[in-house]
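So for the sequence shown, my numbering puts the first residue at 15; every next one is plus one. Single-structure report; data block below.
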Amino acid sequence: GYMDDTLDLSNPNTALERRAKYIQGNRALDLIGHLHCDVFNQDKFLINGVEVRMRLIRSKDSFCLMESRTISKIRILDASLLVRRAKISPGVLLSHARMLSKTTAKYPLTRVEVKTFTIHAGVVGESIDNAILGQLPKRIIVGFVDNKAFNGDRKLNPFNFKNYRINFFSLYADGMQIPSRPLQPNFSKDDPLYVEAYHTLFSGTGIHFLNEGNSISRDDYANGYTLFAFDLTPDLSANCAGHWNLVKHGSLRIEVRFEKALSVTINCIVYAEFDNVLEIDSSRQVIVDFSG
């Protein structure tokens, strides 16, 4: 419940406190992680001879760091890109060349798109028309965060998805309401009733019938983890690798209402996943079935 608290306050953010120990006294910190790019999240190797270019853009320090008094800076001392390469036998390479003379190499992708919409202070509800226009996603996750934190504020956590006393939430895909009965949670401290909204974190990610969790407890959900997840596929297969549904086009609208008028301007963050295909021909030209 203290995700926005910095270390000098009476109720410090314990997770921030643990992370801060790694860099106390201007110590260097080494990190390693996965690049979350659509091409890197698919299972197939890229064929040889394909030029790959990457551009990494750093977030500003006011977004990455939380502090109330000092003005610290992040300085990258060294960075390396670890790339796995496979040595393919000549016979397989010849087979690839023969196949590429007749068709293209196809790579099914889960394309990710993130959109943001501003909801101004003082409103008690918002209807976001055409939140998605064109190809409809197979999965969508929606959350709300303080506008100042989103734009970078050292005193605020940009990943603190507050509940903002939401009492109505629904999607409309080409006019069809999702879910069929809109979510009407109650995030009041006296009478909290929001398990149906909390359950979307399981049903929307394909783990609601499995012996798996997401490390977000029922209490945590209302205190910084208020996300609404929806699987929009007909057979709830958005989480199944290699399973495809017919691609649909249309518009998606988001409707949200609040128990009280917003005291601050917030941002609605929309994370959407799409089924798409990337193709590479014999001359190593890349073809995609989406724009952007």
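Note that the Cβ used here is the ideal one computed from N, Cα and C, for glycine as well. Values in this document were obtained by computation on a predicted structure and should not be read as measured data.
For the ligand PLP, I want to know if residue i counts as a neighbour, meaning its beta carbon is within less than 7 Å of at least one of the ligand's heavy atoms.
i   : result
L96 : Of the ligands one can find in the structure shown there are none, so the ligand PLP has no counterpart to examine.
What does the Cβ neighbour count give for residue i, buried or exposed, with the cut at 16 atoms within 10 Å?
i    : result
T214 : buried
A163 : buried
N225 : exposed
P199 : buried
V128 : exposed
G15  : Since pLDDT at G15 reaches only 45, below the 50 mark, its modelled position is unreliable, and the value read off the structure follows with that caveat. Its Cβ having fewer than 16 others within 10 Å, G15 is exposed.
S73  : exposed
L49  : exposed
L246 : buried
A42  : exposed
M113 : exposed
A145 : buried
D160 : buried
I46  : exposed
P151 : buried
Just confirm the distance between the C-beta atoms of residue i and residue j, as a whole number of angstroms; I'd bet it's less than 8 Å.
i    : j    : result
E210 : A252 : Actually they are not in contact, since the Cβ atoms of E210 and A252 sit about 19 Å apart, beyond 8 Å.
I268 : I133 : Their Cβ separation, rounded to whole angstroms, is 10 Å, which puts I268 and I133 out of contact at 8 Å.
F175 : Y239 : 6 Å
L185 : F244 : 6 Å
Counting along the chain, where does the beta strand (DSSP E) carrying residue i start and finish?
i    : result
V128 : A119 to I133
E293 : I280 to I294
N27  : Where N27 is concerned, there is no enclosing beta strand (DSSP E), given that its DSSP letter is neither H nor E.
A187 : I180 to A187
S194 : M190 to L197
F243 : Looking at the sequence shown, residue 243 is not Phe but Ala. Run containing A243: L241 to D245, per the beta strand (DSSP E) assignment.
V138 : Taken as a continuous stretch (DSSP letters only), V138 belongs to no beta strand (DSSP E), as it is neither H nor E.
I301 : V300 to V302
Over what stretch of residues does the alpha helix (DSSP H) that includes residue i continue unbroken?
i    : result
H263 : Element bounds for H263: not the alpha helix (DSSP H) but the beta strand (DSSP E), H263 to F272.
S217 : V209 to S217
L150 : Note, L150: premise wrong, no alpha helix (DSSP H); not H, not E.
D233 : R232 to Y235
A163 : N161 to N165
Name the DSSP beta bridge partners of residue i, please?
i    : result
F158 : C282
G238 : F175
N200 : L207
I146 : L266
(Q) Which runs of the beta strand (DSSP E) at least 3 residues long sit entirely within the region 50-115? Give them in chain order. (A) Runs of the beta strand (DSSP E) lying entirely within the region 50-115, each at least 3 residues long, are absent.
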